[in-house]
Structures are given as C-alpha cells and as structure tokens.
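To start, the structure under review is shown below, and the notes come after it.
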Amino acid sequence: MLITNGSMKFFYSKNRRFTDCENKYVRMLFNYASQTDRNAIDRYEDLMAAIVDRCQKKIKACISKVSRRVKELQSTADRGIYSESCLPSEVVKNLKAQLKIDPEKSLKNFLISWCDFLNSTQCSKGPEFLRYAVSTAHSMGFPSEMNLMIDQKLLWRIRKLGDYLRAVIQLVREIDHSPPRPSKP
Numbered sequence: 001m002l003i004t005n006g007s008m009k010f011f012y013s014k015n016r017r018f019t020d021c022e023n024k025y026v027r028m029l030f031n032y033a034s035q036t037d038r039n040a041i042d043r044y045e046d047l048m049a050a051i052v053d054r055c056q057k058k059i060k061a062c063i064s065k066v067s068r069r070v071k072e073l074q075s076t077a078d079r080g081i082y083s084e085s086c087l088p089s090e091v092v093k094n095l096k097a098q099l100k101i102d103p104e105k106s107l108k109n110f111l112i113s114w115c116d117f118l119n120s121t122q123c124s125k126g127p128e129f130l131r132y133a134v135s136t137a138h139s140m141g142f143p144s145e146m147n148l149m150i151d152q153k154l155l156w157r158i159r160k161l162g163d164y165l166r167a168v169i170q171l172v173r174e175i176d177h178s179p180p181r182p183s184k185p
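Under this note's numbering, the first residue of the sequence shown is numbered 1, with each subsequent residue one higher.
This is the structure:
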C-alpha cells in the first residue's frame with residue numbers, strides 16, 4: 001500500500017493481479033477501517049473478525065508453528081521462557097498491565113500457560129479462540145523487552161501470529177491520519 005497526498009494505492013500481491021474475490025475482500029477491509037464515525041476499537045474488532053474468517057487456515061498454521069517450537073523447547077527446564085528478573089521492575093509492571101495479568105502473578109508463568117493453552121487439544125480453534133490467540137500474541141510479542149524473556153525463534157513465531165492485529169492497527173491509523181478525501185461532485 002502506498003499513501004500519497006490523501007490517496008491510497010493498493011499494489012498487487014503474489015506477483016499477479018488481484019482476483020475479483022481478493023479485490024472485494026480488500027475493499028471490504030478498507031470500508032471497515034474507513035468508518036471514522038465509529039471508535040477505533042469497534043473497527044479493530046470488525047476487521048479482525050473479517051480477517052479471521054478469511055485467514056483461518058493461515059492463522060492456525062501460525063499457531064501450529066508456535067506450538068511446534070514450544071514442544072521443541074519442552075526438554076529445557078525454562079521452555080524457552082526466561083525469568084522476568086532480567087527485566088527492570090517497571091517494565092515487568094507495564095507488561096503485566098498490558099497483558100492484563102494480576103500484578104502478584106508471574107509473567108513467566110502466564111507465558112507458559114498461554115503456550116500450553118495454544119497446545120491444548122480441547123480448544124475448538126474457532127474464530128473466538130483465533131482472535132484471542134492473535135491479540136495475545138500481538139500484546140506479548142511486540143514490546144522490545146520481550147527479546148530478553150523469550151527464546152528468539154519462539155518470539156519470532158509469536159510475532160508472526162501477532163502480525164494480523166498489527167496490520168489492522170496500521171490500516172486504521174493510516175486512514176485516521178490521512179487527509180480527508182475530496183467529495184465527488
């Protein structure tokens with residue numbers, strides 16, 4: 001996507017033109033994001049619902065890759081998730097607030113239980129679960145301090161899962177900060 005003087009231009013993907021179906025999907029996402037009379041959170045939710053609906057297989061594949069890496073690390077005592085003691089206490093406090101973790105609970109234990117939750121076979125892996133997995137991956141994967149707490153390969157996989165929400169946030173921000181489009185006569 002290229003943004004210039006109040007206009008957005010969408011480029012083709014996969015080294016080919018958009019199909020009609022892909023074009024319709026991109027326009028639908030753009031329309032959801034362009035509803036500036038609604039608050040950003042509502043637009044995020046609508047966009048995530050549409051993306052999860054369209055990209056379930058890819059999101060499940062990302063979850064499988066996170067799960068595979070967690071299984072690879074299960075032989076290690078820390079499972080690739082290190083103690084928060086290596087981080088400044090203010091950073092730990094902010095991360096816990098961002099992830100909605102009780103201040104008395106361990107950040108490491110939360111991360112381990114989230115990875116176990118992704119691995120559990122009881123999960124239906126329905127749209128609600130997928131949205132939760134993506135939003136939590138985004139919240140835990142993007143603070144730079146997490147580089148000190150999580151195995152790098154695992155963190156990279158978590159960030160790839162969180163990229164879906166990151167793209168939604170970026171699209172809404174770009175539209176909110178672009179100059180108003182002139183009305184057509």
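The C-beta atom is built at its ideal place from N, Cα and C for all residues, glycine as well.
Name the residue from the options whose alpha carbon lies nearest to the alpha carbon of residue i.
i	options	result
M48	V168, L154, Q98	V168
V26	H177, S85, L171	L171
L118	S64, R166, P127, C86	S64
S106	E128, Y82, D116, S120	Y82
S113	L87, S89, Q98, R79	R79
H138	K24, M28, L161	L161
K125	F18, F30, K60, K24	K60
P127	E22, A50, T19	A50
Is it true that the CB of residue j sits closer than 7 Å to the CB of residue i?
i	j	result
V66	E145	no
R131	V52	yes
V134	L165	yes
K153	R69	yes
D42	Y32	no
L148	L87	yes
Exposed or buried, residue i, counting other C-beta atoms within 10 Å across all chains shown (16 or more means buried)?
i	result
C62	buried
D151	buried
C115	buried
T36	exposed
Have a look at residue i and residue j and give me their C-alpha separation to the nearest angstrom.
i	j	result
D102	K58	32 Å
L2	H177	Residue placement at L2 is poorly supported in this model, since its pLDDT is 49, which falls under 50; the coordinates are not used for a value here.
S85	N109	13 Å
N94	R16	44 Å
R173	L73	37 Å
A40	S34	10 Å
E22	S75	43 Å
Y44	M28	13 Å
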